[in-house]
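Worksheet for the structure shown next.
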Ligand SMILES: [Zn+2]
Ligand SMILES: [Zn+2]
């Protein structure tokens, strides 16, 4: 059954549309998200519950090991492959709708991006990509390991990874929801996610007290983190940390940078925790902060710990 179109009143759609209105440069990306999010929301990857007891959860976290590390995760690879194909088709259709014949692509590289999606869609249709072999690398954000398979088929390895990570997200979110109650109250003082090991996507200042939480864009996990500590190197010296706001964008979002390790983290104010599916949208909405940080020589951490699939 095809997913129901989203209602414009859906908070996710409302957020995407307001973002596209405020930042016309993000219109294409917002349209792509609007096309793929219904597919992600209704996806069934036939995941099995993670076989960890409360005691095992506690032991792993106390040792500083993300919960999915060294665990056999069960999901239906065929369903992931199918979802990747559906995502590619949805993105292609969204691009075609916005760029009808005769339309000039609004940004350099947009035509190439559209053609990369088309090529990947064709390869997925022909089942020429060994998704089962690539998924562990995709889950670890290990583009280099996807590179040779992608090159042979003349598809963009970065796109394979992004599409694959999006297709895996419903599974990771299911595992994240399962493990959150088992982990309650156990401290985790790392910048990498306690569930899946991915680097935090965003920081959130939650509640009236502005307690700092880190959020994982992959599984949606939410954990409290010390406010004045760098998420990458653990530096707590406030003299070597600073933050920037984007001009004219208010103070809802800022980027925190560390001069010890040159890492940066985007932090948003959120009275309630941002729903997991909204996290990539908030990441996109704050892309101007990535530019500000990168321009000043800071970088995002790309450290992922091992995950087995
Ligand atoms: Zn995670
Ligand atoms: Zn640092």
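Numbering (the working numbering), first residue to last: 13 to 321.
We put the beta carbon where it would ideally sit given N, CA and C, even for glycine.
These numbers come from a predicted model, not from an experiment.
Query                                                                                                                : Result
Cα-Cα separation, residue 308 to residue 241                                                                         : 20 Å
Anticipated Cβ contact below 8 Å, residue 80 with residue 208, distance rounded                                      : 5 Å
Three-state secondary structure (DSSP) of residue 224                                                                : strand
Alpha-carbon to alpha-carbon, residue 139 and residue 130                                                            : 14 Å
beta-carbon residue 188 near ligand 2 non-hydrogen atom, thresh 8 Å                                                  : no
Per DSSP, cross-strand counterpart(s) of residue 246                                                                 : Looking at the DSSP assignment, residue 246 forms no beta bridge with any residue, so it has no partner.
Three-state secondary structure assigned by DSSP to residue 138                                                      : coil
Residue 279 versus residue 217: straight-line alpha-carbon distance, rounded                                         : 7 Å
Assumed close pair residue 52, residue 293 - CB separation to whole angstroms, cut-off 8 Å                           : Contact flag wrong, Cβ pair sits at about 12 Å.
Outcome for residue 9 when other beta-carbon atoms lying within 10 angstroms are tallied against a minimum of 16     : Here the chain has residues from 13 to 321 only, and residue 9 is not among them.
Beta carbon of residue 97 nearer than 9 Å to that of residue 133                                                     : yes
Of the residues 63, 267, 34, 70, the one placed nearest residue 310, counting alpha carbons only                     : 267
Helix, strand or coil at residue 187 [DSSP, three-state]                                                             : helix
Segment limits, beta strand (DSSP E) that includes residue 93                                                        : No beta strand (DSSP E) contains residue 93, which is instead part of the alpha helix (DSSP H) from 89–110.
Other residues of its chain near residue 115: CB distance less than 6 Å, five sequence neighbours each side excluded : Only weak support is given to the placement of residue 115: the predicted model assigns it a pLDDT of 49, under 50, and the question is left unresolved by the model.
For residue 236, the first and last residue of its enclosing beta strand (DSSP E)                                    : 234–236
Simplified DSSP state of residue 207, which is helix, strand or coil                                                 : coil
First through last residue of the alpha helix (DSSP H) which encompasses residue 265                                 : From DSSP, residue 265 is part of no alpha helix (DSSP H) but of the beta strand (DSSP E) over 265–270.
Near ligand 2: residue 272 beta-carbon under 8 Å from a heavy atom                                                   : yes
heavy atom of ligand 1 below 8 Å from residue 207 C-beta                                                             : yes
Assigned secondary structure, residue 281 (DSSP; H/G/I helix, E/B strand, else coil)                                 : strand
Length of the line joining the Cα atoms of residue 50 and residue 262                                                : 30 Å
Nearest candidate by alpha-carbon position, reference residue 283, set 274, 295, 265                                 : 265
Same chain, Cβ closer than 8 Å to residue 31, five either side skipped, listed in chain order                        : 38, 42, 293, 296, 297
Per-residue burial, residue 319 [other beta carbons within 10 Å of its own, 16 or more giving buried]                : Confidence at residue 319 is low in this model, with a pLDDT of 37, below 50, so the placement of that residue is unreliable and no value is reported for it.
Residue 244 CB to nearest heavy atom of ligand 2 below 8 Å                                                           : yes
Buried or exposed by the 16-neighbour rule on C-beta atoms within 10 Å, applied to residue 222                       : exposed
Helix, strand or coil at residue 45 according to DSSP, with G and I counted as helix                                 : helix
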